[in-house]
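Asks: Below you'll find the structure I mean.
Chains as they are written, first to last, in my numbering: chain A, 1 to 166; chain B, 1001 to 1166; chain C, 2001 to 2166.
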């Protein structure tokens, strides 16, 4: 089972993704792409960890997620938007992330386990003035478009409720 | 009948909510949470009032909406996002609004009349730089998530059309 | 066939609209409302042109789109949000665009050919601080609401997937 769960801030996407993962198997990897750069971020990470129950192994990996995606028995990647942020921070705002995206797509195609991605829907507001924010918005959208065709389930959460796109 | 109508700016959410209210009964309370702080806001309030027809009593209440929600025969709360804004303005951007939210949830659970909430979907753009805006986005999402399980109908409007989430 | 395709940045809306147009007939007009004001915009326009295949005639018209909409055999307008931007740049941020919108609605109603509109969903983020951005958001939403009732199909794209609204 491969699934992409997208949604806005505080829309319940991580909760939905975790419940989906828990329905799929008892040994689960939580692949956290977040880096606790400041106190607010550290708070958010701690809150998310506290929300998860038993049966999870957490791996923190901001960049090289493809090998884990390919080989895990059941992995929840939370989230792709932070992965993109990390890549743009590392390689510069004008970096072409197509190679990294191609590697991820190939890993998903080769994966035999369950793979669940969480991503933030960030493209439905006013186009940002800031160039980095625009590139981030571009790559977030392109990543979702590249992964969607490989997914068994694509869901957007709104108000904690799932809206099935596929 | 309890309903939560969410949607973006100018997506037709208030119009949809008013039509729903008008289908439910002849004596309707319009609970306006807006405070006309400037001319632009005053214009928007006047336009919304002009859009409503007969059969409405308007109550302006920026903060203490729970008692009205609990006891009204038929109330349309427009909108929750302004209520959250008002609470953050009053209590500070780092205020924990969970107590107020719990009171509102309890009022909805106890209400015997029709209750319709309008809220703005504000979490689907780039995460704002501004801390107050991020807290506002958080509380908006958490409020929708807290109310949705109590609703008979949850709808997101896009281009004036309703998308049924529940 | 009249269709309105809305969606966020990089959600696949133009691709969906082009595939729809290609399914409708061999002689197609691409009505580009973009003006290549800077290099980044010129890049985006070139990329979109390269994405289109044979069978398209491109017309660049930033403002007076109604006559083309009314008389074309098959026209794809990409996109309405840039048309609104162009109108606000020309007439000022407080301009009342209702007359131009009425002319467009009348053109759509009179059109005997296929008309497909692409628009950006820009109202689902934090309300912008900037007054021009708010007016842009208002007119974008009002335009979608005015056109939707005339459409055979209204679709929102997310992650490259269509979500049917009508």
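Yeah, the Cβ is synthetic: ideal placement off N, Cα and C, and Gly gets one too.
Between residue 69 of chain A and residue 107 of chain A, how many whole angstroms is the CB-CB distance? I'm expecting something under 8 angstroms.
Replies: Counting from 1 along the first chain, the entry for residue 69 of chain A is found at position 69. Counting from 1 along the first chain, the entry for residue 107 of chain A is found at position 107. Contact holds; Cβ gap of about 5 angstroms.
Asks: Is it buried or exposed, residue 1078 of chain B, if we count other Cβ atoms within 10 angstroms and call 16 or more buried?
Replies: Here residue 1078 of chain B refers to the residue found at position 78 when the second chain is read from its first residue. Buried: at least 16 other Cβ atoms inside 10 Å.
Asks: Can you tell me which of B:1017, B:1104, B:1003, B:1013 puts its alpha carbon nearest to the alpha carbon of residue 1066 of chain B?
Replies: If you number the second chain from 1, residue 1066 of chain B lands on position 66. Nearest option by C-alpha distance: B:1104.
Asks: I'd like to know if residue 2141 of chain C contacts chain B, where contact means its C-beta is closer than 8 angstroms to some C-beta of that chain.
Replies: Taking the third chain and counting its residues from 1, the one referred to as residue 2141 of chain C is at position 141. Yes, its Cβ sits closer than 8 angstroms to a Cβ of chain B.
Asks: To which residues does DSSP link residue 2 of chain A through a beta bridge?
Replies: Here residue 2 of chain A corresponds to residue number 2 of the first chain, with the count starting at 1. Looking at the DSSP output, residue 2 of chain A bridges to A:115.
Asks: Which whole runs of the beta strand (DSSP E) in the stretch 1064 to 1093 of chain B are 3 residues long or more, in chain order?
Replies: 1074 to 1078
Asks: Measure the alpha-carbon distance for residue 83 of chain A versus residue 59 of chain A and round it to whole angstroms.
Replies: In the first chain, the residue the question calls residue 83 of chain A occupies position 83. In the first chain, the residue the question calls residue 59 of chain A occupies position 59. Their Cα atoms are separated by approximately 14 angstroms.
Asks: DSSP state of residue 143 of chain A, grouped into three classes?
Replies: In the first chain, residue 143 of chain A corresponds to position 143, counting from 1. It is helical.
Asks: Can a CB atom of chain A be found closer than 8 angstroms to the CB of residue 1095 of chain B?
Replies: Taking the first residue of the second chain as position 1, residue 1095 of chain B is located at position 95. No, no contact with chain A.
Asks: Given a cut-off of 8 angstroms, decide if residue 97 of chain A and residue 132 of chain A are closer than it, judged by their beta-carbon atoms.
Replies: Working through the first chain from its first residue, we reach residue 132 of chain A at position 132. Working through the first chain from its first residue, we reach residue 97 of chain A at position 97. Against a cut-off of 8 angstroms, the Cβ pair of residue 97 of chain A and residue 132 of chain A comes out as no contact.
Asks: First and last residue of the beta strand (DSSP E) that includes residue 10 of chain A?
Replies: Reading the first chain from its first residue, position 10 is the one you call residue 10 of chain A. If you look at residue 10 of chain A, you'll find it isn't in any beta strand (DSSP E); DSSP assigns it neither H nor E.
Asks: Starting from residue 11 of chain A, find everything on chain B with Cβ-Cβ shorter than 7 angstroms and list it in chain order.
Replies: Here residue 11 of chain A corresponds to residue number 11 of the first chain, with the count starting at 1. 1123, 1141, listed in chain order.
Asks: Here's a check: name, in chain order, each residue in its chain whose Cβ is nearer than 6 angstroms to the Cβ of residue 2168 of chain C, leaving out the five neighbours to either side.
Replies: With chain C represented from 2001 up to 2166, any question about residue 2168 of chain C goes unanswered, as that position is not in the structure.
Asks: Have a look at residue 1074 of chain B and residue 7 of chain A and give me their C-alpha separation to the nearest angstrom.
Replies: The residue labelled residue 1074 of chain B in the question sits at position 74 within the second chain. The residue labelled residue 7 of chain A in the question sits at position 7 within the first chain. The C-alpha of residue 7 of chain A is placed about 31 angstroms away from the C-alpha of residue 1074 of chain B.
Asks: Return the first residue and the last residue of the beta strand (DSSP E) that residue 1028 of chain B is part of.
Replies: To locate residue 1028 of chain B, count along the second chain from 1; it is residue 28. DSSP places residue 1028 of chain B inside the beta strand (DSSP E), whose first and last residues are 1028 to 1032.
Asks: Taking a cut of 8 angstroms between CB atoms, which residues from the stretch 1149 to 1160 of chain B lie near chain C?
Replies: Residues of the stretch 1149 to 1160 of chain B with a Cβ closer than 8 angstroms to any Cβ of chain C, in chain order: 1158, 1159, 1160.
Asks: Taking the C-alpha atoms as reference points, what is the distance between residue 63 of chain A and residue 33 of chain A?
Replies: Here residue 63 of chain A corresponds to residue number 63 of the first chain, with the count starting at 1. Here residue 33 of chain A corresponds to residue number 33 of the first chain, with the count starting at 1. Their backbone Cα atoms lie some 7 angstroms apart in a straight line.
Asks: Contact check, residue 2086 of chain C vs residue 2009 of chain C under 8 angstroms by CB: the rounded distance?
Replies: As a first step, residue 2086 of chain C must be located in the third chain, where it is residue number 86. As a first step, residue 2009 of chain C must be located in the third chain, where it is residue number 9. Their Cβ separation, rounded to whole angstroms, is 18 angstroms, which puts residue 2086 of chain C and residue 2009 of chain C out of contact at 8 angstroms.
Asks: Cα separation between residue 146 of chain A and residue 1 of chain A?
Replies: Within the first chain, residue 146 of chain A is the residue found at index 146, counting from 1. Within the first chain, residue 1 of chain A is the residue found at index 1, counting from 1. For residue 146 of chain A and residue 1 of chain A, the gap between their C-alpha atoms comes out near 17 angstroms.
Asks: Around the C-beta of residue 165 of chain A, are 16 or more other C-beta atoms found within 10 angstroms, so that it is buried, or is it exposed?
Replies: For the purposes of this step, residue 165 of chain A is taken as the residue at position 165 of the first chain. Around the CB of residue 165 of chain A, 16 or more other CB atoms lie within 10 Å, so the residue is classed as buried.
Asks: Which runs of the beta strand (DSSP E), 3 residues or longer, sit entirely within the stretch 1031 to 1060 of chain B?
Replies: 1056 to 1060
Asks: If you measure between the beta carbons of residue 81 of chain A and residue 11 of chain A, is that distance less than 8 angstroms?
Replies: The residue labelled residue 81 of chain A in the question sits at position 81 within the first chain. The residue labelled residue 11 of chain A in the question sits at position 11 within the first chain. Not in contact: residue 81 of chain A and residue 11 of chain A (Cβ atoms no closer than 8 angstroms).
Asks: Nearest to residue 2030 of chain C by alpha carbon, out of C:2040, C:2102, C:2116?
Replies: Residue 2030 of chain C sits at position 30 when you count from the first residue of the third chain. It is C:2116 whose Cα lies nearest to the Cα of residue 2030 of chain C.
Asks: Measuring alpha carbon to alpha carbon, tell me which residue in B:1100, B:1124, B:1056 is nearest residue 1156 of chain B.
Replies: As a first step, residue 1156 of chain B is located in the second chain; it is residue number 156 there, counting from the start. Among B:1100, B:1124, B:1056, the Cα nearest to that of residue 1156 of chain B belongs to B:1124.
Asks: Compute the Euclidean distance between the alpha carbons of residue 1161 of chain B and residue 158 of chain A, then round it to the nearest angstrom.
Replies: Locating residue 1161 of chain B in the second chain gives position 161, where the first residue counts as 1. Locating residue 158 of chain A in the first chain gives position 158, where the first residue counts as 1. Computed Cα separation, rounded: 16 angstroms.
Asks: Measuring alpha carbon to alpha carbon, tell me which of B:1135, B:1137, B:1126 ends up nearest residue 134 of chain A.
Replies: Translated into the one-based positions of the first chain, residue 134 of chain A becomes position 134. Among B:1135, B:1137, B:1126, the Cα nearest to that of residue 134 of chain A belongs to B:1126.
Asks: Which residue comes first and which comes last in the beta strand (DSSP E) that contains residue 1098 of chain B?
Replies: In the second chain, the residue the question calls residue 1098 of chain B occupies position 98. Looking at the DSSP string, residue 1098 of chain B is not in any beta strand (DSSP E); the run it does join, the alpha helix (DSSP H), is 1098 to 1110.
Asks: Here's the rule I'm using: 16 or more other beta-carbon atoms within 10 Å means buried, otherwise exposed. How should residue 2091 of chain C be labelled?
Replies: Reading the third chain from its first residue, position 91 is the one you call residue 2091 of chain C. When all chains shown are included, residue 2091 of chain C counts as exposed.
Asks: Run through chain C and tell me which residues come within less than 9 angstroms of residue 4 of chain A, C-beta to C-beta.
Replies: Counting from 1 along the first chain, the entry for residue 4 of chain A is found at position 4. At a beta-carbon threshold of 9 angstroms, the residues of chain C lying near residue 4 of chain A are 2159, ordered along the chain.
Asks: In chain order, what residues of the same chain lie with their CB nearer than 7 angstroms to the CB of residue 1020 of chain B, ignoring the 5 residues before and after it?
Replies: If you number the second chain from 1, residue 1020 of chain B lands on position 20. Taken in chain order, the residues that qualify are 1003, 1116.
Asks: Would you report the Cα separation of residue 1045 of chain B and residue 1100 of chain B, rounded to the nearest angstrom?
Replies: Reading the second chain from its first residue, position 45 is the one you call residue 1045 of chain B. Reading the second chain from its first residue, position 100 is the one you call residue 1100 of chain B. Distance between the alpha carbons of residue 1045 of chain B and residue 1100 of chain B: 25 angstroms.
Asks: Does the beta carbon of residue 2127 of chain C come closer than 8 angstroms to any beta carbon on chain B?
Replies: Taking the third chain and counting its residues from 1, the one referred to as residue 2127 of chain C is at position 127. Interface residue, yes.
Asks: What's the gap between the Cα of residue 42 of chain A and the Cα of residue 36 of chain A?
Replies: To locate residue 42 of chain A, count along the first chain from 1; it is residue 42. To locate residue 36 of chain A, count along the first chain from 1; it is residue 36. When rounded, the distance between both Cα atoms is 5 angstroms.
Asks: Using a threshold of 7 angstroms, is the CB atom of residue 1135 of chain B nearer than that to any non-hydrogen atom of the ligand SAH?
Replies: Looking at this structure, you won't find the ligand SAH or any other ligand, since it has none at all.
Asks: Roughly how many angstroms lie between the CA atoms of residue 149 of chain A and residue 1026 of chain B, to the nearest whole one?
Replies: The sequence position of residue 149 of chain A within the first chain is 149, counting from 1. The sequence position of residue 1026 of chain B within the second chain is 26, counting from 1. Between residue 149 of chain A and residue 1026 of chain B, the C-alpha separation is close to 49 angstroms.
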